[in-house]
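Participant: Following this message is one structure expressed as structure tokens.
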Amino acid sequence: MRMSKLFSQTLRDAPGDAEVVSHKLLVRAGFIRQLAAGIFSYLPLARRTMTKIENIMREEMDAIGGQEVTMPVVHSADIWKETGRWYQIGSEMGRFFDKNGRDMVLAMTHEEVVADLVRKEIQSYRQLPAMIYHIQTKWRDDPRPRAGLIRVREFTMKDSYSLDADWEGLDKQYRAHYQAYFNIFNRCGVPAVAVGSDVGMMGGSMAHEYMYLTPIGEDTLLLCDHCGYTANRQIAEFQKPSAAAEDALPLEKIATPDTKTIEDLANFLNIPTAKTAKAVFMVATITEGTEDVEKFVFAVVRGDMDVNETKLANAVKAKALRPAHDEEIVAIGAEPGYGSPIGVKNALIVVDDAIPESPNLVAGANETGFHYLNVNYGRDYRADVVADIAVAGDGDACPRCGKPMYTSRGVEIGNIFKLGTRYTDALGATFLDKDGKEKPVIMGSYGIGVGRLLACVAEEHNDEHGLILPITIAPYQVHLVNLSKKSNAAEEIYADLQAAGVEVLFDDRDGSPGVKFNDADLIGLPLRITVGDRALKKGGVELKRRDSRDSEIIPLTEIVSAVQAKIAEMTAEIMETVVEVPFKE
RNA sequence: CGGGAUGUGGCGCAGUCCGGUAGCGCGCUUCGUUCGGGACGAAGAGGCCCCCGGUUCGAAUCCGGGCAUCCCGACCA
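If you're matching positions, the first sequence starts at 62 in the numbering used here and goes up one per residue.
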């Protein structure tokens, strides 16, 4: 490709509203342009890179038995109504009417379509296991797109769906994806860690998220370097510091003026926060049958911990949780700031599993300015649910090995779910097993966002001058910069490289050297050839890796083979990172 | 959905407080000079100042109402 003909332009200044480095560089280098919030055009350089990323995905999916299909972006709403997600999902789903007034859906994912295909195509256990995938546009009307391609509303996703006759088969395909996903990320030059994650509204029994660790990430992860435990904070467990065993003392009400927070209370009584019980008031939306009802949730954790809303929502099987209003708190007989599970009515009481082990806590008295001493679970009150509802944080003890964990932020670049039969049950996607019995097909679903992965590549591989793209996914392998006016050596090299199958971006523009070098650094192709009179005098041209300062002079006759050798070398460097990763639950 | 900010040629910004019909840098076009890390000179092109309404002799500027974009939070199948 001649740069004089390249559709996109580079920009000296990043748009004022770009904050993260991947966004700035991808815009400046001419990869992407924004149309609206979370909606982008992908210009030729991005398109070529995404095609390469997609081809890596195809190779890895095909290698584990995947068959590529293309499913529609526009769905009739019927199948979404059948699985209930038409009703469950809110404004994030794109809905419209066709000309006949029928409800239509813009695809946010494809479980429904897959299950519909399965009920039409799969009749027999002989057709299983199977796995289909596609690389297709998704629309999710996210309330808050951000950070360039990190979080968008319209995006391309590689999503695959495993279909099995039994749970062992699902486990096998799940594990195959587990490794294939690491291969994809490594081949794209993005280091990823797999963490256990919440299954959320997807349902199912197991899920992993692949995270690229970066401060700009939106998820918080708990990591243990000692034993390798990793988990999204939403579900991360930890060993809770145990309380000293004591005999239960008599309940006693005392005046504690102006102690609305746990810190105030602990200071006032001169006790550690671990000797107090913290009350958190939430309202949960819980589906009962076909109805959504709101229930007041009174959550109790020890004063030295905080509530994890995801764990709490899972403990009460809530679809949504929100903080309770003061009036609602008073209505159940509690008092904001002085809440106690003793004597409240019409509330679902959920206590953290550390509470029954912790005797003689100080808890509110449901009366402003008063607390109870020596509150004991079981004797003084009982809960509807006892579960782990506390959030893990920096320094908390690893649930596996007990060593301190630390937190990190991460961007979710992929996820894998064991779905089970939720969708196949709903759509009646069944097969006949060996015994002639009808059974639902068991599904898994697996997704990677292509654009988000590109953003993470840019986030990971750059310097102050621009992008430094991995050879495996760079739009072109070589940036050929011509500085010489007299010689036509560059034209010849361009022709020779193309004839040899090397992908070249040829800067044939009539510009100054500085502009060309800066553009080359900004776009970040892995190799740069500089054709200038300086090296031509010595009978050669310069060859330089973008990720290195040093260049070497290669004789004109050897440049093609030298480039091919460098490409092989850089490809080998990437492939060294593609290794088997032990499966961790 | 809460909180904050911004909207002025393709990009980055000034002008808005204090009203008088728009300016700078980059980029773009033409000519000349230059040519190894974002050159120089000369001459040009390009703007419904986000939209609608109001105040005023007169609005980019003041007032009201929208919309859009970004950031923080809530949310995220």
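Using N, Cα and C, we set each Cβ at its ideal position, and we do this for glycine too. These figures come from a predicted structure and were not determined experimentally.
Closest to D387 by C-alpha separation, out of K181, G463, M343, A415, would be which residue?
Facilitator: Minimum Cα distance to D387 is reached at M343.
Participant: So, I534 versus K85, is the Cβ gap smaller than 9 Å?
Facilitator: Not a contact, by the Cβ cut-off of 9 Å.
Participant: Whole-angstrom Cβ separation of N369 and A451, contact assumed at under 8 Å?
Facilitator: Indeed they touch by this definition, with Cβ atoms about 6 Å apart.
Participant: Look up T346 in the DSSP assignment and say whether it is helix, strand or coil.
Facilitator: It is a strand residue.
Participant: What is the DSSP secondary structure of E603, counted as helix, strand or coil?
Facilitator: Residue state, collapsed to three classes: strand.
Participant: Can you tell me which of the three DSSP states D568 falls into?
Facilitator: Reduced to three states, the DSSP call for D568 is strand.
Participant: With 16 as the cutoff for other CB atoms within 10 Å, does P420 come out buried or exposed?
Facilitator: That one is buried.
Participant: Report buried or exposed for V135, applying the criterion of at least 16 other Cβ atoms within 10 angstroms of its Cβ.
Facilitator: With fewer than 16 other Cβ atoms within 10 Å, it is exposed.
Participant: With DSSP as the reference, label S83 as helix, strand or coil.
Facilitator: Here S83 sits in helix by DSSP.
Participant: Grouping DSSP H, G and I as helix and E and B as strand, with all else coil, what is N543?
Facilitator: Strand at N543.
Participant: If I follow the unbroken beta strand (DSSP E) through L178, where does it start and stop?
Facilitator: Premise fails: L178 lies in the alpha helix (DSSP H), 172-182, not in any beta strand (DSSP E).
Participant: Report yes or no: do three or more beta-carbon pairs, one from the stretch 186-195 and one from the stretch 203-212, lie closer than 8 Å?
Facilitator: As far as the Cβ criterion goes, the stretch 186-195 does not touch the stretch 203-212, which means the pair count is below three.
Participant: Residue range of the beta strand (DSSP E) that I509 falls in?
Facilitator: Per DSSP, I509 belongs to the beta strand (DSSP E) from 503-510.
Participant: Under a three-way DSSP split, which group does K406 fall into?
Facilitator: Residue state, collapsed to three classes: coil.
Participant: When the Cα of R610 is compared with those of P531, Q559, D524, Q538, which residue comes out closest?
Facilitator: That would be D524, whose Cα lies nearest to the Cα of R610.
Participant: Would you mind reading off the limits of the alpha helix (DSSP H) that contains R119?
Facilitator: Element bounds for R119: 105-124.
Participant: Let's see if you can read the secondary structure: which residues bound the beta strand (DSSP E) around V446?
Facilitator: Here the beta strand (DSSP E) through V446 covers 446-448.
Participant: Name the residue from E630, P302, A340, V213 whose alpha carbon lies nearest to the alpha carbon of L96.
Facilitator: Ranking E630, P302, A340, V213 by Cα distance to L96 puts V213 first.
Participant: What is the DSSP secondary structure of K314, reduced to helix, strand or coil?
Facilitator: It is a strand residue.
Participant: Using CA coordinates, which residue listed in A226, M154, R109 is at the minimum distance from D496?
Facilitator: With distances taken between Cα atoms, D496 lies closest to A226.
Participant: So within the stretch 404-478, which uninterrupted beta strand (DSSP E) runs reach at least 3 residues, ignoring any that extend past its ends?
Facilitator: With a minimum length of 3 residues, the continuous beta strand (DSSP E) runs that stay inside the stretch 404-478 are 409-413, 422-425, 431-436, 446-448.
Participant: Would you mind stating whether Y507 and G527 have Cβ atoms separated by less than 9 Å?
Facilitator: The answer is no: Cβ separation not under 9 Å.
Participant: Report, in whole angstroms, the separation of the C-beta atoms of I193 and Q128, which I expect to be a contact under 8 Å.
Facilitator: About 5 Å; that satisfies the 8 Å criterion.
Participant: Taking Cβ to Cβ, would you say L434 is nearer than 9 Å to E307?
Facilitator: Contact flag unset, no.
Participant: Opposite G527 in the DSSP bridges: which residues?
Facilitator: Its beta-bridge partners are D524.
Participant: In angstroms, rounded to a whole number, what distance separates the CA positions of Q149 and R201?
Facilitator: Roughly 14 Å separates the two Cα atoms.
Participant: Which residues in the same chain have their Cβ closer than 8 Å to the Cβ of L586, if we skip the five residues on either side of it in sequence?
Facilitator: So the list reads L530, A535, P536, Y537, Q538, V539, H540, L566, R607, once near-sequence residues are dropped.
Participant: Assuming V361 contacts K339 under a Cβ cut-off of 8 Å, what Cβ separation, rounded to an integer in Å, is found between them?
Facilitator: 7 Å between Cβ atoms; contact.
Participant: Among S258, A415, D580, Y273, whose alpha-carbon lies nearest the alpha-carbon of N437?
Facilitator: Per the Cα distances, A415.
Participant: How would you call T198, buried or exposed, if buried means at least 16 neighbouring beta carbons within 10 angstroms?
Facilitator: Burial call: exposed.
Participant: Are the Cβ atoms of K464 and D286 separated by less than 9 Å?
Facilitator: Cβ atoms of K464 and D286: closer than 9 Å.
Participant: From Y290 to E120, what distance separates their C-alpha atoms?
Facilitator: One C-alpha to the other measures close to 30 Å.
Participant: According to DSSP, simplified to helix, strand and coil, what is E129?
Facilitator: Note: E129 maps to strand in three-state DSSP.
Participant: Can you grab the Cα-Cα spacing for the pair E80 / D594, in whole Å?
Facilitator: The straight-line gap from Cα to Cα measures roughly 40 Å.
Participant: Mind checking which residues open and close the beta strand (DSSP E) that includes E32?
Facilitator: Because the chain here runs from 62 to 646, residue 32 falls outside it and cannot be looked at.
Participant: Starting from the Cα of M118, find the closest Cα among S469, G601, G510 and give me that residue.
Facilitator: Comparing Cα positions, the closest option is G510.
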